[in-house]
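Peer 1: In our numbering, the protein residues as written are 30 to 739.
Beta carbons: idealized from backbone N, C-alpha and C, even for Gly.
I'd like to ask some things about the structure below.
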Amino acid sequence: MTVKPVTVLVVDDNQTNLDLLERRLIRKDFQVDTADGGKLAIEKALSGDYDLILLDIQMPEVSGLDVLVELRKKFDAVSLPIIMVSAKNESESMVEAISLGANDYITKPIDFPLAFARIQTHLNVRNYHQALKKSEERYSLAFTGANDGLWDWDIEAGSIYFSDRWKEMLGYGPDEIEGTPDDWFKLIHPDELDDLKKAIDAHLNGDNLALIHEYRALHKDNSFRWFMTRGVASHDDDEKPVRLSGSQTDITQHKAYDPITGIPNQVLFLDRLEWAMNKHNRRQGGRFAVILIKIERLADIRNTLGPVKSEQILAQMAGKLNESLRTEDSVSRFEEGKTATLSRFDEADFALQLEDCGDENQITRLGERILQDICEPYVIDGEEFTLSCSMGVTYISGETETSAETIISNAGTALTRATAKGTNHFEIFDQKMQQRAFERLKLERELRHAIENGDLCLYYQPIIDLQTEQINTCEALVRWQHGERGMISPADFIPLAEETGLIEKIGEWVIRDAARQIKAWESGELGHLRVSVNVSVLQLLNDDMAERVLDILDDAAVDPNHLKIEITESLFMQNMDRVTHILNTLHDRGVTIAIDDYGTGYSSLAYLKKLPFTHLKLDQSFIRDVSRDVASQAIVQSTLLMAQSLGIQVIAEGIEEEDQLSLLKVLKAEFGQGFLFSKPLNAADFTAYVKAHQLAHKEAGRQESREKSA
Ligand code: C2E
Ligand code: MG
Ligand code: MG
């Protein structure tokens with residue numbers, strides 16, 4: 030916001046005096062206007078906007094005192110300070126001037142430092158009074174609602190003061206919103222902006238006694254909230270509005286309906302659910318269901334389309350669902366006369382309550398139809414969009430003691446299960462599910478402790494050069510030695526760790542322990558051996574992932590070239606830029622990088638070209654059938670050719686049989702891994718295995734050369 034310069038009107042009939050005063054004032058950064066006579070001075074002062082007037086007393090025709098009297102009719106001494114300028118011998122007029130309302134006087138010849146000090150004093154007094162007046166008004170507004178946000182619009186300056194609370198209500202800190210009307214208007218929902226502006230104009234024009242208006246505004250968390258704003262304008266003596274001040278109240282909660290979709294919000298939904306539950310319990314019977322619907326990736330959709338369009342899609346979706354629940358010709362329609370309440374339960378969650386509904390089969394059919402409805406494309410501004418969702422259902426038949434809370438929580442458990450299955454799934458809650466949910470929680474708690482207690486360990490599986498049959502690398506595979514359950518496979522706890530965020534800690538531990546082992550082998554019996562560790566894509570979402578890995582290697586004094594990381598191919602497409610950056614940083618420092626389980630995910634050549642992969646691990650599902658099934662053979666062969674053309678080496682996973690090995694050798698696969706060579710082993714067993722293998726290899730070599738020379 031720019032600061033308005035202080036404007037002084039200098040009045041003197043003597044042009045030399047006028048010029049001198051003007052020059053000196055301009056040098057002090059004042060904005061100056063001049064009048065060379067009393068008449069012009071009055072005209073200018075009444076129509077202009079001056080902060081202070083320097084007024085010569087002795088002037089022909091209209092004297093300084095005449096001007097003073099005239100101006101004091103309109104401006105009091107606080108709103109417009111007037112300082113008289115006089116000759117030394119005019120003390121009588123000076124006394125009169127003060128009695129007529131002059132603020133002060135200075136004498137000619139002017140002592141400028143003294144004059145500036147006086148001018149500044151009166152300006153300070155004026156500013157102080159104005160600030161006080163403003164803050165009194167603000168406080169009186171604050172009094173009307175301690176929880177409300179306050180705003181104060183200086184119409185002429187085009188600036189608005191927003192109180193900290195006002196900003197906080199929209200999710201912003203004190204310094205995050207500037208002070209112009211546009212800073213306010215850009216937060217208003219586009220459908221409401223015109224109406225708000227009209228309401229403001231109507232009040233400023235005097236058509237409405239006060240401004241009272243409701244609108245939706247965009248919170249920093251990207252959700253729209255309902256607000257009510259109240260304001261009153263103050264006018265100058267010409268009845269021109271100069272200020273508009275008011276308060277803002279968050280009324281989202283009072284609105285029982287979601288501002289965007291117009292359907293009941295959580296408050297109303299829970300209220301209706303309580304009510305329906307009571308009815309259900311009183312009648313002791315009937316069937317009753319709650320369906321929770323989670324719209325997936327809503328945050329992503331918001332980020333790409335912006336909040337307005339994404340909310341429009343949700344509004345369309347809600348409209349479509351409501352419509353579909355009413356449709357009568359559908360087989361699985363919700364029966365006429367029965368109540369169905371669709372509500373916006375949370376940002377991305379919708380809840381549907383069905384009273385007196387059909388049996389489980391009918392609910393399932395209804396659920397499927399809802400899924401289908403939601404997945405149909407939406408058209409916004411001529412563009413097509415699709416949504417995906419998961420649904421969890423609680424179904425109650427017969428007598429029940431259940432509370433509304435339990436119903437919601439059970440539907441939530443079913444929803445979590447549906448989400449875990451992937452997109453567009455539908456699950457009905459049952460007691461077993463509750464048991465599983467409970468066990469999962471227990472497992473999560475134990476996993477947290479496992480890291481701290483050192484119950485995790487690494488097993489190592491050799492990776493063999495198929496042409497020379499030498500051990501080339503090994504893969505580190507994490508194991509959890511559980512006190513009661515014995516060894517738990519990573520397939521059973523890595524997904525849990527990924528969902529709960531524990532993967533970061535586990536991932537870091539794995540790399541640290543692998544680095545320690547690399548060093549131990551290097552300084553012990555095995556020498557250099559590259560170790561490959563599995564890294565979850567979630568770890569790659571951490572911006573400083575590369576630095577952390579390099580630090581760990583540095584701490585352990587391990588050459589980055591002795592570490593390989595394996596990434597499963599399915600997920601990184603969503604965060605390509607970040608992943609590319611991290612992998613490039615690691616690759617530049619010598620870490621080799623493999624794409625794991627190749628062929629099971631999106632298998633796009635584009636990723637292989639863009640990311641710095643040095644190895645490709647062909648998924649074991651292709652190797653399993655490679656010696657029997659022509660299609661698998663074709664896939665293996667074409668992958669090998671493609672990888673070779675890109676300079677990427679292939680590792681065949683899951684080799685269990687000699688037949689598979691022979692065929693892979695014929696197809697010229699570079700490396701192999703599988704139970705045929707060895708299962709994953711603990712570090713001690715692995716060391717022994719490698720030594721035995723090296724020995725056998727040497728022996729075989731000797732045998733071969735003996736045969737050759739014989
Ligand atoms: P993966 O990275 O594809 O690892 C290979 C899996 O195949 C290992 O299972 C290994 O024991 C198994 N395997 C090896 N050879 C054969 C074979 O000839 N036949 C059969 N049927 N299986 C074989 P494991 O150790 O249970 O690990 C499963 C998955 O868990 C790994 O698949 C990897 O995706 C993940 N994982 C393991 N350790 C870690 C880790 O430290 N961090 C992360 N993020 N994931 C890990
Ligand atoms: Mg792996
Ligand atoms: Mg694999």
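What residue range is occupied by the uninterrupted alpha helix (DSSP H) comprising Asp-521?
Peer 2: Looking at the DSSP string, the run of the alpha helix (DSSP H) that includes Asp-521 is 519-529.
Peer 1: If I measure Cβ to Cβ from Phe-706 and keep anything under 6 Å in the same chain, skipping five residues before and after, which residues do I get?
Peer 2: Only Pro-491, Ile-493 meet the Cβ criterion.
Peer 1: Ala-246 and Leu-179: beta carbons closer than 8 Å?
Peer 2: It is not a contact, given that the beta carbons lie outside the stated cut-off.
Peer 1: Check for me: the alpha helix (DSSP H) holding Tyr-718 runs from which residue to which?
Peer 2: 712-738 is the span of the alpha helix (DSSP H), which, as asked, contains Tyr-718.
Peer 1: Residues in the same chain with beta-carbon distance under 8 Å from Glu-554, minus the five sequence neighbours each way, listed in chain order, please.
Peer 2: Excluding positions up to five away in sequence, the list reads Thr-716, Lys-720.
Peer 1: Less than 8 Å between the CB atoms is what I'm expecting for Gly-93 and Met-113, so what's the real figure, rounded?
Peer 2: With 8 Å as the limit, Gly-93 and Met-113 qualify as a contact, their Cβ atoms being about 6 Å apart.
Peer 1: Extract the residue ranges of the alpha helix (DSSP H) inside the region 393-474, only unbroken runs of 4 or more that lie entirely within it.
Peer 2: As far as the region 393-474 is concerned, its whole alpha helix (DSSP H) runs of at least 4 residues are 433-449.
Peer 1: Quick check: the Cα distance between Tyr-157 and Val-107, rounded to an integer number of angstroms?
Peer 2: Roughly 10 Å between the two C-alpha positions.
Peer 1: Return the first residue and the last residue of the beta strand (DSSP E) that Glu-384 is part of.
Peer 2: Glu-384 -> beta strand (DSSP E) spans 378-384.
Peer 1: Can you find at least 3 beta carbon pairs, one from the region 204-217 and one from the region 183-193, that sit closer than 8 Å?
Peer 2: Yes: the two stretches touch, three or more of their Cβ pairs being nearer than 8 Å.
Peer 1: Could you check which residue in Asp-388, Gly-348, Ile-322 has the C-alpha nearest to that of Glu-376?
Peer 2: With distances taken between Cα atoms, Glu-376 lies closest to Ile-322.
Peer 1: Specify the secondary structure class of Glu-121 as computed by DSSP and reduced to three states.
Peer 2: Helix at Glu-121.
Peer 1: Could you have a look at Asn-43 and say whether DSSP puts it in helix, strand or coil?
Peer 2: Asn-43 falls in the coil class under three-state DSSP.
Peer 1: For Phe-379 and Ala-544, what's the separation of their Cα atoms in angstroms?
Peer 2: Taking the straight line from one Cα to the other gives about 47 Å.
Peer 1: Hey, how far is the Cα of Ala-505 from the Cα of Ala-713?
Peer 2: Ala-505 and Ala-713: Cα-Cα distance of roughly 13 Å.
Peer 1: Which same chain residues end up closer than 7 Å to Val-61 when comparing Cβ atoms and leaving out the 5 residues on each side of it in sequence?
Peer 2: So the qualifying residues of the chain are Val-37, Val-39, Glu-51, Leu-54, Ile-55.
Peer 1: Does the distance from the CB of Gln-382 to the CB of Arg-301 come in under 8 Å?
Peer 2: Yes, they are a contact pair.
Peer 1: Please state if the CB of Thr-643 and the CB of Ile-677 are separated by a distance shorter than 8 Å.
Peer 2: Cβ distance < 8 Å, so Ile-677 and Thr-643 count as in contact.
Peer 1: Could you check where the beta strand (DSSP E) with Gly-189 kicks off and where it finishes?
Peer 2: Here residue 189 turns out to be Ile, not Gly, going by the sequence shown. Unbroken beta strand (DSSP E) run through Ile-189: 188-191.
Peer 1: Is it the case that the region 568-580 contacts the region 507-525, given that we only count it when at least three CB pairs across the two stretches are under 8 Å?
Peer 2: No, because fewer than three Cβ pairs between the region 507-525 and the region 568-580 fall closer than 8 Å, the two stretches do not touch.
Peer 1: If you draw a straight line from the alpha carbon of Thr-370 to that of His-232, how long is it in whole angstroms?
Peer 2: In a straight line, the C-alpha of Thr-370 is about 40 Å away from that of His-232.
Peer 1: Lys-137 bridges to which residues according to DSSP?
Peer 2: Looking at the DSSP assignment, Lys-137 forms a beta bridge with Ala-116.
Peer 1: Is the CB-CB distance between Leu-495 and Lys-694 below 8 Å?
Peer 2: Cβ distance < 8 Å, so Leu-495 and Lys-694 count as in contact.
Peer 1: Give the DSSP-derived three-state secondary structure of Lys-593 in the structure shown.
Peer 2: Correct three-state label for Lys-593: strand.
Peer 1: Any chance the region 284-298 sits against the region 398-416, with 3 or more Cβ pairs inside 8 Å?
Peer 2: The region 284-298 is not in contact with the region 398-416.
Peer 1: Report the partner residues of Leu-485 according to the DSSP bridge assignment.
Peer 2: DSSP output for Leu-485 lists Trp-509 as bridge partner(s).
Peer 1: Figure out for me which residue from Ala-549, Ala-526, His-511 has the closest Cα to the Cα of Gly-483.
Peer 2: Answer by Cα proximity: His-511.
Peer 1: According to DSSP, is Phe-700 helix, strand or coil?
Peer 2: If DSSP states are grouped into helix, strand and coil, Phe-700 belongs with the strands.
Peer 1: Confirm the yes/no value for this check: CB of Asn-501, any heavy atom of ligand 2, distance under 7 Å.
Peer 2: No, the Cβ of Asn-501 stays beyond 7 Å of every heavy atom of ligand 2.
Peer 1: Confirm the yes/no value for this check: CB of Arg-504, any heavy atom of ligand 2, distance under 7 Å.
Peer 2: One detail in the question is off: residue 504 reads as Glu in this sequence, not Arg. Yes.
Peer 1: Using 8 Å for Cβ pairs, my map puts Asn-563 next to Asp-648. What's the rounded Cβ distance?
Peer 2: With 8 Å as the limit, Asn-563 and Asp-648 do not qualify as a contact, their Cβ atoms being about 14 Å apart.
Peer 1: Pick out the complete alpha helix (DSSP H) segments inside the region 196-279, 4 residues or longer, and give them in chain order.
Peer 2: If we require 4 residues or more, the alpha helix (DSSP H) runs fully inside the region 196-279 come out as 210-214, 219-233.
Peer 1: Cβ-heavy atom distance between Asp-521 and ligand 3 below 7 Å?
Peer 2: No, ligand 3 has no heavy atom inside 7 Å of this Cβ.
Peer 1: Quick check on the contact list: which residues have their beta carbon closer than 5 Å to a heavy atom of ligand 2?
Peer 2: Working through the chain, the matches are Asn-563, Glu-595, Asp-625.
Peer 1: Between which two residues does the alpha helix (DSSP H) harbouring Lys-694 extend?
Peer 2: 687-695 is the extent of the alpha helix (DSSP H) around Lys-694.
Peer 1: Touch check for the region 330-345 and the region 403-417: three-plus C-beta pairs under 8 Å?
Peer 2: With the cut-off at 8 Å, the region 330-345 and the region 403-417 touch.
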